[in-house]
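I have placed the structure first, in the form of structure tokens, so that the comments after it can refer back to it.
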Amino acid sequence: MFEKVKDVPLPQGTVSPWPSNLAVCWLDTRNITYVAVIQSNNIHVGNWDNKAETEVSWDTIVTSEPSTPNEKVIDVTTVGLVHPNARNFPVVIVGSARFINVYDVKKISQKPLFSITLASALNDPKTAVGGDVAPYCRGISCNDNAILVGTHTGEIVVIMCNGDSNFTTRKNLKEHRSAIADIATCRYDEVTVSADSNGELIIWQKPVKGVNSRVLTKQPINVINVLRKQVIVGTLRGLVQYYSVNAHARPVNSVSVAPESAYVLTASEDGTFVVSKLHTRKPHAYQVEYRFSDADEYSMIMGAQFTNGRGSAIATAAFDNNCLTMYKIVKKSNAAPSTSAS
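Per the working numbering, numbering of the sequence shown is gapless, rising by one per residue and ending at 345.
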């Protein structure tokens with residue numbers, strides 16, 4: 004399927020040992036792909052034309068070296084390439100033990116478009132759990148124009164892009180109680196998920212203001228990504244696990260199956276029910292595909308069942324409710340609305 008075609012040398016040095024140490028952003032409309040990688044305290048940023056298959060053109064962000072023997076070396080710990088909707092081209096986000104910088108991807112050699120020290124960005128510079136963790140940034144993502152940068156305290160720094168060179172900070176997200184491990188956004192569904200070192204996933208409401216749901220994986224999460232309402236988790240134990248964005252936040256009280264369609268219905272005290280498709284044949288055996296969900300935050304679903312073998316109708320029963328709620332698949336009509344002559 005895949006074959007190795009070539010090696011592309013870095014301008015200098017070798018790749019540093021940070022998780023997710025390769026950021027990529029592609030512009031389909033311009034056929035350009037950008038990459039960024041940390042090399043010691045330098046960040047090499049490359050680009051090439053996908054259509055013309057040009058060679059990689061490199062630029063380097065050089066962070067300042069210590070001016071005195073007692074000054075600490077700036078440790079770059081994370082890099083991201085994100086494309087806010089307010090800009091025509093992506094920006095490079097550099098996070099270190101001391102700062103967060105935003106660079107124009109087309110003007111790497113110039114000064115940052117925006118810079119903030121980590122100490123001033125955080126309400127409490129101490130880590131949320133365990134006070135012996137040194138400061139660092141980890142995990143970078145972007146939803147619409149909100150650039151998100153994870154930190155050792157569990158806070159997520161929010162930088163708003165208001166134009167090509169206009170950036171401001173917004174109130175930090177402070178729902179995690181442990182250091183951030185990673186942050187990811189599905190560009191198609193605009194779903195953002197963050198993960199911490201304690202194994203907790205937080206699925207954020209659109210547009211990244213409040214918590215939609217939490218999932219405690221009990222796994223040492225190292226990296227995550229999001230695709231089509233599925234969170235892909237990579238752990239320090241070498242496991243790859245998949246979690247639904249629509250996972251229930253409270254106890255699951257009912258599981259129902261529809262044998263003819265291989266639909267699975269789950270319902271929870273959190274007021275949600277989720278319909279999934281279980282693929283039981285090759286080449287997609289045992290894969291689960293999200294199909295539908297609905298929620299009522301003011302109800303506690305105690306039971307939910309398919310009412311036929313096809314899975315085209317559902318009944319739910321909620322605590323202290325004097326009726327059953329019925330659902331069914333409704334086919335949308337393609338007929339054009341009729342008009343009457345005046």
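The beta carbon of each residue, even a glycine, is placed where N, CA and C say it ideally should be.
- Put simply, of I205, Y266, N256 and S264 the residue whose alpha carbon is nearest the alpha carbon of G274 is N256.
- Taking the Cα of L116 as reference, the smallest distance to any Cα among S168, W21, S264 and K232 is reached at S168.
- Taking 8 Å as the upper bound for CB-CB distance, V97 and L84 are not in contact here, some 11 Å apart.
- In the DSSP assignment, K280 forms a beta bridge with Y266 and E292.
- Just so you know, the alpha carbons of V18 and A321 end up roughly 55 Å apart.
- The alpha-carbon separation between D52 and N34 amounts to approximately 6 Å.
- Taken through DSSP and simplified to helix, strand or coil, S123 comes out as helix.
- Spatial neighbours of A89 in its own chain (CB-CB distance under 7 Å, excluding positions within 5 residues in sequence) are listed in chain order as N148, C164, N165 and G166.
- The C-alpha of A26 is placed about 20 Å away from the C-alpha of K114.
- Within its own chain, the residues whose Cβ lies closer than 6 Å to the Cβ of N228, once the five positions on either side in sequence are excluded, are A187 and I235, listed in chain order.
- In the three-state reduction of the DSSP assignment, N91 falls in the coil class, being assigned neither a helical nor a strand state.
- Excluding sequence positions up to five before and after N324, its CB lies within less than 7 Å of the CB of S302, all in the same chain and listed in chain order.
- Ranked by Cα distance from G202, the options V226, P210, A39 and D192 are led by V226.
- In this structure, the CA atom of V278 is about 16 Å from the CA atom of T328.
- Between V65 and N45, the C-beta gap is smaller than 8 Å, which places the two residues in contact.
- Under DSSP, no beta-bridge partner is assigned to R240.
- Taking A261 as reference, the option from K280, E272, Y245 and S247 with the minimal CA-CA separation is K280.
- In this structure, R101 lies near T120, with their beta-carbon atoms less than 8 Å apart.
- For G49, DSSP records a beta bridge to V38 and W61.
- When Cβ pairs closer than 8 Å are counted between the two stretches, the stretch 176-193 is seen to touch the stretch 209-227, the count reaching three or more.
- Following the DSSP letters along the chain, one finds K174 inside the beta strand (DSSP E) bounded by residues F170 to L176.
- Close CB contacts of N91 within its chain, under the 8 Å cut and outside five residues either way in sequence, are with D167 (chain order).
- Restricting attention to beta strand (DSSP E) runs no shorter than 3 residues, the stretch 170-226 encloses them at 170-176, 183-189, 194-199, 203-207 and 214-219, ordered along the chain.
- For I332, the CB contacts under 7 Å within the same chain, skipping 5 residues up- and downstream, are S315 in chain order.
- When DSSP states are grouped into helix, strand and coil, G157 belongs to the coil group.
- Rounded to whole angstroms, the separation of the alpha carbons of T81 and L204 is 20 Å.
- Between the C-alpha atoms of P93 and A298 there is a straight-line separation of about 36 Å.
- Note on geometry: alpha-carbon atoms of E178 and T154 lie some 12 Å from one another.
- Spanning the alpha carbons of W21 and F5 requires a straight line of approximately 25 Å.
- The Cβ-Cβ distance between R217 and S264 does not fall below 8 Å.
- Its chain contains I206, W207 and Q208 as the residues whose beta carbon lies nearer than 7 Å to that of N215, once the 5 sequence neighbours on both sides are disregarded; these appear in chain order.
- Assigned with DSSP and collapsed to three states, V258 falls in strand.
- Rounded to the nearest whole angstrom, the CA to CA distance from Y293 to L239 is 27 Å.
- Of V108, D78 and Q233, the smallest CA-CA separation from P87 is found for V108.
- Residue pairing of T17 in beta bridges, as defined by DSSP: absent, with no partner found.
- Taking 8 Å as the cut-off, the beta carbon of N249 is found no closer than this to the beta carbon of E193.
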